[in-house]
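Enquirer: Protein chains in written order, with the working numbering: chain A, 944 to 1039; chain B, 944 to 1039.
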DNA sequence: TGGTCTTGTCACCGAACGGTTACATTTCGA
DNA sequence: TCGAAATGTAACCGTTCGGTGACAAGACCA
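(1) Kindly list the residues whose CB is nearer than 7 Å to the CB of residue 1001 of chain A, restricted to its own chain and excluding five residues on each side of it in sequence; keep chain order.
(2) What do you reckon, are the CB atoms on residue 990 of chain B and residue 975 of chain B nearer than 8 Å?
(3) Does DSSP classify residue 952 of chain B as helix, strand or coil?
(4) Quick check: residue 1007 of chain A and residue 973 of chain B, are their CB atoms within less than 8 Å of each other?
(5) How long is the line joining the alpha carbons of residue 960 of chain A and residue 987 of chain A, rounded to whole angstroms?
(6) Check this for me: beta carbons of residue 981 of chain A and residue 971 of chain A, under 8 Å apart or not?
(7) Between residue 1009 of chain B and residue 984 of chain A, how many whole angstroms is the CB-CB distance? I'm expecting something under 8 Å.
(8) What number of angstroms, rounded off, separates the C-alpha of residue 964 of chain B from the C-alpha of residue 1011 of chain A?
(9) Anything in chain A within Cβ reach of residue 957 of chain B, meaning under 7 Å, just list it in chain order.
(10) Under 8 Å, do residue 949 of chain B and residue 994 of chain A count as touching if we go by C-beta distance?
(11) Just to confirm the assignment, what range does the alpha helix (DSSP H) spanning residue 969 of chain A have?
(12) Taking the alpha carbon of residue 996 of chain B as the reference point, which residue from B:1013, B:977 and B:1014 has its own alpha carbon closest?
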């Protein structure tokens, strides 16, 4: 499943927690956080800390994969072709 | 690539940013954050906000995928078999 | 050498964090 | 229907966040 927003993440966590038969207290304890935090994250809190989130996902037996989109458009890159060329040049020079 | 820690994430972001030929200021501006924040995240800051991180990844043309590990052991679940059964029962009852 | 670009660090600030505790609400089985 | 369990809120608190602006160190090229 693709995670695009904090809301996506919260929904996934809630679903997965339920699937494992845990209540919020269980998960909080096993992930080393508080129930309050679990509640907020499941509701899609965008300012939750990435560290706690990673610990929580691990507790849930879930893994995060990151990958470059095949669907072009980096959502902000202006000149993909030129940029790529520059990068290659830069990258080659970076490692002496 | 699997993301297990904030350090993993920071390394990936830095690498991807470089590959796109952006400097930290470029990325900060396009992702709507500050250069200071980019520096910290690339260094593996575990308390960075998930919302900003998601925006940054989007800017980099990268997507996050989440999935249940096939490698058993939920890192905390005590009785997998029983738990699964209870879940199935609960799940079935959830949708009337 | 000098100048530019990039990155890392610092101090400052208001805002929000996450933990704790307690109480209200909802859910659901006996 | 009743009562316990699960979930959602609230207030309080010390800590840390992220943004700003400025400066230093390092790399690089003209």
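All residues carry an ideal CB built from backbone N, CA and C; glycine is no exception.
Expert: So, to answer that:
(1) none
(2) no
(3) helix
(4) no
(5) 15 Å
(6) yes
(7) Not really, about 14 Å apart at Cβ, beyond 8 Å.
(8) 15 Å
(9) Under the 7 Å cutoff, chain A gives no residues; its nearest Cβ is about 12 Å from residue 957 of chain B.
(10) yes
(11) 967 to 974
(12) B:977
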